[in-house]
Amino acid sequence: MEKNATPKGLKVNKGVTAPTVNPYFKRIHRRKTFSVREYVSGILKGDVALLSQAVTLIESAKPEHQQIAQQIIEKCLPHSSKSVRIGITGVPGAGKSTTIDALGMYLIRQGHKIAVLAIDPSSQRSKGSILGDKTRMESLSHEKNAFIRPSPTAGSLGGVARKTRETIILCEAAGYDTVFVETVGVGQSETAVHSMVDFFLLIQLAGTGDELQGIKRGIMEMADGIIINKADGDNVEKAGIAAANFSNALRMFPAPDSGRKPEVRTYSGYYELGIKEVLDMIREYVAFTKSNGYFYRKRIEQAKYRMYESINDLLHRLFYHHPKIAAQLPYMEQKVLNNEISPFMAARQLIDQFSDSRSDSSYNF
Ligand code: GDP
Numbered sequence: 031m032e033k034n035a036t037p038k039g040l041k042v043n044k045g046v047t048a049p050t051v052n053p054y055f056k057r058i059h060r061r062k063t064f065s066v067r068e069y070v071s072g073i074l075k076g077d078v079a080l081l082s083q084a085v086t087l088i089e090s091a092k093p094e095h096q097q098i099a100q101q102i103i104e105k106c107l108p109h110s111s112k113s114v115r116i117g118i119t120g121v122p123g124a125g126k127s128t129t130i131d132a133l134g135m136y137l138i139r140q141g142h143k144i145a146v147l148a149i150d151p152s153s154q155r156s157k158g159s160i161l162g163d164k165t166r167m168e169s170l171s172h173e174k175n176a177f178i179r180p181s182p183t184a185g186s187l188g189g190v191a192r193k194t195r196e197t198i199i200l201c202e203a204a205g206y207d208t209v210f211v212e213t214v215g216v217g218q219s220e221t222a223v224h225s226m227v228d229f230f231l232l233i234q235l236a237g238t239g240d241e242l243q244g245i246k247r248g249i250m251e252m253a254d255g256i257i258i259n260k261a262d263g264d265n266v267e268k269a270g271i272a273a274a275n276f277s278n279a280l281r282m283f284p285a286p287d288s289g290r291k292p293e294v295r296t297y298s299g300y301y302e303l304g305i306k307e308v309l310d311m312i313r314e315y316v317a318f319t320k321s322n323g324y325f326y327r328k329r330i331e332q333a334k335y336r337m338y339e340s341i342n343d344l345l346h347r348l349f350y351h352h353p354k355i356a357a358q359l360p361y362m363e364q365k366v367l368n369n370e371i372s373p374f375m376a377a378r379q380l381i382d383q384f385s386d387s388r389s390d391s392s393y394n395f
């Protein structure tokens, strides 16, 4: 326990008010663009700058960027899938960043390469801003074997999740063998993260004994493991009681498809106590599900889910970006509001117009 008296996993750096950057910098220093082949060979060599730029293309809304990004992803796909993907959820303050920092550093010391991604559909990360931002995962952020990328900026959950999934592929192709995907622990983002990882870890805190009431049953059901953080100092006993309560509660749940009941452990992310045991829990689960085939079946299921999700995503974009539909929508909406047409009929007519105009080949998206 050689650390500071006040534990701080989250350091907020002071923002800078006056511009400190040469205003002409952008004009002089245009970012070099690369060919798909250059991106791919750079990523496969583990070039972090090219990996970051490719992720920026994935996150871009520009169709020309999307086109390049999709080609890069296709070429990287055969080189991905070799990692273990770990989802981490828990309420804000539960210790997600502290825990990822501790788990990640432990793995790096064993020779692994770590990628940390996040899903936060409410994220308003200002483009390219690093000044005044929160520095999370302080140790990992200084490691050359760690790639940390904040959540893609706000958008629909489906869109944000797609970008994170695609980023996983590129990270794996770049040699990151352990990918953490963190969720903000609110809304639907847990389901999205659950659908893209091999192991879903729920971080809980010991409270006053009624901590079980606060969590949604659905999240407990999704968890492959539950860990009670901050089991240090005076909190050790309370954490133990919380762990027993969670274990009891889990007995009421039906047997999971993986064939392995989730385990519950206590640990301290900040003081790095029980970190090896948390990793052992994940490793044992991965070994077990690989031997019974569940690990691979789940990845195939996830790929199928991804295909349907992509279809929905694409149809949605094609429909709402269609000039005819975009022009008709406010008019139809008004008709529905005036009770001149039923919502179902309005939708039907719009979809008919959409399919008619799709057969006329003048429109290309
Ligand atoms: P997040 O919002 O879930 O990412 O939580 P953070 O990792 O930022 O942690 C929230 C606060 O809890 C920070 O002040 C941490 O220093 C503190 N914290 C995290 N892990 C531990 C722990 O194991 N023990 C103690 N005592 N504090 C911790």
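For the sequence shown, the numbering used here assigns the number 31 to the initial residue and increments by one for each residue that follows. Just so you know, even glycine gets a beta-carbon here, dropped at the ideal spot from N, CA and C. A quick note: this is a predicted structure, and the numbers were derived from the prediction, not measured.
When the distance is taken between beta carbons, is Glu196 closer than 9 angstroms to Ala333? Here residue 333 refers to the residue found at position 303 of the sequence shown. Here residue 196 refers to the residue found at position 166 of the sequence shown. No, the Cβ-Cβ distance between Ala333 and Glu196 is not below 9 angstroms.
Taking DSSP as the reference, what is the three-state secondary structure of Gly117? By one-based count along the sequence shown, residue 117 stands at place 87. Reduced to three states, the DSSP call for Gly117 is strand.
Expected contact under 8 angstroms - CB spacing of Met311 and Arg336 to nearest Å: Counted from its first residue, the sequence shown places residue 311 at position 281. Counted from its first residue, the sequence shown places residue 336 at position 306. 27 angstroms between Cβ atoms; not a contact.
Pull up the distance between the alpha-carbon of Ser288 and that of His224, whole angstroms please. Taking the sequence shown and counting its residues from 1, one reaches residue 288 at position 258. Taking the sequence shown and counting its residues from 1, one reaches residue 224 at position 194. Cα to Cα, Ser288 sits roughly 14 angstroms from His224.
For Leu137, the first and last residue of its enclosing alpha helix (DSSP H): For the purposes of this step, residue 137 is taken as the residue at position 107 of the sequence shown. That run of the alpha helix (DSSP H) goes 126-139.
With a threshold of 8 angstroms, are at least 3 pairs of Cβ atoms found where one atom belongs to the region 135-147 and the other to the region 206-220? yes
Quick check: is any heavy atom of the ligand GDP less than 8 angstroms from the C-beta of Pro122? To locate residue 122, count along the sequence shown from 1; it is residue 92. Pro122: yes, Cβ under 8 angstroms from the ligand GDP.
Suppose contacts are defined by Cβ-Cβ distances below 9 angstroms. Is Ile341 in contact with Leu380 by that definition? Counting from 1 along the sequence shown, the entry for residue 341 is found at position 311. Counting from 1 along the sequence shown, the entry for residue 380 is found at position 350. No.
Out of Thr86, Pro93, Asn175, Phe229, state which residue places its alpha-carbon closest to the alpha-carbon of Gly117. Sequence index remark: in the sequence shown, residue 117 carries index 87 (1-based). Residue Phe229 is the option with its Cα nearest to Gly117.
Can you determine whether any heavy atom of the ligand GDP sits closer than 8 angstroms to the C-beta of Lys260, and answer yes or no? By 1-based counting over the sequence shown, the position of residue 260 is 230. Flag set: Cβ of Lys260 near the ligand GDP.
Which of helix, strand or coil does DSSP assign to Ala204? The residue labelled residue 204 in the question sits at position 174 within the sequence shown. Correct three-state label for Ala204: coil.
In its own chain, which residues sit with a C-beta less than 8 angstroms from the C-beta of Lys260, not counting the 5 before and 5 after it? Numbered from its first residue, the sequence shown carries residue 260 at position 230. So the list reads Gly125, Leu235, Ala236, Ala269, Ser298, Gly299, Tyr300, once near-sequence residues are dropped.
How big is the Cα-Cα spacing for Tyr69 and Lys143? For this step, residue 69 is matched to residue 39 along the sequence shown. For this step, residue 143 is matched to residue 113 along the sequence shown. For Tyr69 and Lys143, the distance between alpha carbons rounds to 20 angstroms.
For Arg295, report the span of its beta strand (DSSP E) as first-last. Stepping through the sequence shown from its first residue, residue 295 is reached at position 265. Where Arg295 is concerned, the enclosing beta strand (DSSP E) stretches over 293-296.
Please check the pair Pro198 and Met226, which I expect to be a contact at CB under 8 angstroms, by giving their CB distance rounded to whole angstroms. Looking up residue 198 in the sequence shown gives position 168. Looking up residue 226 in the sequence shown gives position 196. In the sequence under discussion, the amino acid at residue 198 is Ile, which differs from the Pro named in the question. Correct: roughly 7 angstroms between the Cβ atoms.
Are Leu359 and Arg388 touching if we call contact CB-CB under 9 angstroms? In the sequence shown, the residue the question calls residue 359 occupies position 329. In the sequence shown, the residue the question calls residue 388 occupies position 358. No; because the gap between Cβ atoms is not below 9 angstroms, this pair is not in contact.
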